[in-house]
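Heads up: take any position in the sequence shown, counting from 1, add 321, and you land on the working numbering.
Take a look at the structure set out below.
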Amino acid sequence: TPLQKEMDGIVVSGTMKAIRRSESPVAVEVYTPQFLKKNPSPSIFESLQHVNGVRPQLNCSVCNTGDIHINGLEGPYTLIAIDGMPVMSSLASVYGLFGIPTQLIERIEIVKGPASGLYGAEAIGGLINIITRSPEKAPAFTGQLMSNNWMEHALDAGIKFKAGKKGSSLLGLHYFNYQQPQDNNDDQFTDVALQHRVSVFNKFQWSRPKNRSASLAGRYFYEDRWGGDMRWNKYFRGTDSIYGESIQTSRWELFGQYQLPVSEKIHFSFSATGHQQHSYYGKVPYMADQRTGFAQLIWDKKAGISHSFLTGLSVRTNYYDDNSTATKDTADGTNQPDRTIIPGIFIQDEWALQNHQVLLIGL
322 TPLQKEMDGI VVSGTMKAIR RSESPVAVEV YTPQFLKKNP SPSIFESLQH
372 VNGVRPQLNC SVCNTGDIHI NGLEGPYTLI AIDGMPVMSS LASVYGLFGI
422 PTQLIERIEI VKGPASGLYG AEAIGGLINI ITRSPEKAPA FTGQLMSNNW
472 MEHALDAGIK FKAGKKGSSL LGLHYFNYQQ PQDNNDDQFT DVALQHRVSV
522 FNKFQWSRPK NRSASLAGRY FYEDRWGGDM RWNKYFRGTD SIYGESIQTS
572 RWELFGQYQL PVSEKIHFSF SATGHQQHSY YGKVPYMADQ RTGFAQLIWD
622 KKAGISHSFL TGLSVRTNYY DDNSTATKDT ADGTNQPDRT IIPGIFIQDE
672 WALQNHQVLL IGL
């Protein structure tokens with residue numbers, strides 16, 4: 322039945338390779354677009370509040386920014402991934418879930434509890450992996466328009482088109498606008514931060530011999546939000562005469578995957594992100610620039626009927642700079658951006674002991 326097929330669908334988050342959900346040694350929860358339709362909201366961030374054990378938390382009551390807590394652990398321990406590629410940066414835990422057009426989502430896979438063996442220290446609390454649709458299987462056009470009595474307006478749209486003889490592309494657009502200040506508790510401050518957000522997503526996929534994978538996806542995200550005194554407007558940005566918190570965010574992301582043309586199952590994948598944030602909290606500025614890169618080479622190898630190995634190499638780079646003492650030498654005031662390179666190697670063995678017993682070992 323369709324329900325049985327959905328309950329025992331293919332998942333990838335637990336072991337980094339496609340496997341039936343019932344056979345996965347790691348518990349993976351799957352949420353389909355029907356879940357998002359039943360719980361409509363302007364972003365995936367807000368939709369996840371209906372998932373047990375997953376709690377979107379607002380850390381700022383004025384500007385309404387926050388993070389995702391899984392099983393009670395703080396937001397930095399929750400890893401956000403798109404098509405298995407991590408969106409890694411301290412500025413991106415929430416922005417990774419904002420602005421993704423819901424019309425492009427195939428499913429959302431959630432791993433609660435440590436997934437750090439394969440995904441790194443950011444996944445100690447859990448993993449949220451957003452799987453986007455394959456351009457070949459997506460409908461020609463989809464769209465969704467939502468408005469409510471708070472004057473929040475959201476638009477999601479997706480369109481598919483050909484990209485050469487062997488390629489196909491899926492283009493998505495997300496737009497959100499909320500510009501009507503509300504003060505129902507009469508404290509002279511906005512109840513919800515005003516937001517103006519636009520995001521464009523494009524995914525290319527190419528047909529190759531023997532069904533080898535080849536895809537490239539990119540996303541651009543821009544948001545302007547503010548909260549504070551009901552009398553505030555953009556004229557007061559960066560001043561203290563009327564208090565307001567204003568955050569302008571510009572972000573780009575690039576993801577790719579390519580299966581090498583060899584007899585063995587060897588995949589190369591990468592992700593790159595750039596994040597710029599220009600904020601004022603009253604008259605206190607916070608200007609940040611972060612760029613991260615991640616690449617990995619994975620070899621999927623069967624050994625007999627009992628062992629399935631997954632081994633690979635990875636490297637992560639991080640550049641971070643802001644106007645605080647975090648990246649400045651307080652002795653002479655010189656700027657010293659943080660630059661980090663982290664190489665890694667991992668191996669995983671999925672050992673089938675008996676018909677209904679599987680042992681997953683990783684290093």
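Each residue gets a CB set at the ideal place from its N, CA and C atoms; glycine is no exception.
Around the Cβ of I682, a 10 Å sphere holds fewer than 16 other Cβ atoms; the residue is exposed. Taking all protein chains in view, the Cβ of F522 is crowded by 16 or more other Cβ atoms within 10 Å, so the residue is classified as buried. Using a C-beta cut-off of 8 Å, the stretch 654-672 makes contact with the stretch 621-638, since at least three inter-stretch Cβ pairs fall below that distance.
Across the set E443, A535, G633 and Q611, the C-alpha of A535 shows the shortest separation from the C-alpha of P582. In terms of Cβ geometry, P407 and F542 do not form a close pair [threshold 8 Å]. Fully enclosed alpha helix (DSSP H) runs of no fewer than 4 residues occupy 437-440 of the stretch 429-456, in order along the chain.
Where L634 is concerned, there is no enclosing alpha helix (DSSP H), although the beta strand (DSSP E) around it starts and stops at H628 to D643. It is roughly 22 Å from the alpha-carbon of P397 to the alpha-carbon of V333. Look at the beta carbons and you see the stretch 378-389 not touching the stretch 470-484: under three pairs across the two are nearer than 8 Å. Closest by C-alpha distance to I663, out of S635, L674 and Q675, is S635. Beta-bridge partners assigned by DSSP to M608: H599. For R540, the beta-bridge partners assigned by DSSP are F522 and E574. Per DSSP, reduced to three states, the secondary structure at G335 is coil, with no helix or strand assignment. Across the structure, R637 and P435 are spaced so that their CA atoms are roughly 20 Å apart.
Cβ contact annotation for P363 (same chain, cutoff 7 Å, sequence separation greater than five): E473, A475 and F497, in chain order. Three or more beta-carbon pairs separated by less than 8 Å link the stretch 565-575 to the stretch 583-597, which places the two stretches in contact. If you draw a 10 Å sphere on the C-beta of V605, you find fewer than 16 other C-beta atoms in it, and that means exposed. Contact annotation, L369 with G446: C-beta distance approximately 13 Å; criterion of less than 8 Å not satisfied. Here the C-alpha atom of T646 lies approximately 15 Å from the C-alpha atom of R660. DSSP places K481 in the strand class (E or B) of the three-state scheme.
Within the same chain, M472 come within 6 Å of Q501 by CB-CB distance, once the 5 residues on both sides are set aside.
Residue pairing by DSSP places K649 opposite N656 in a beta bridge.
Straight across, the Cα-Cα distance linking I666 with A461 is about 41 Å. With a cutoff of 8 Å on beta-carbon distance, G479 and L466 are scored as not near each other.
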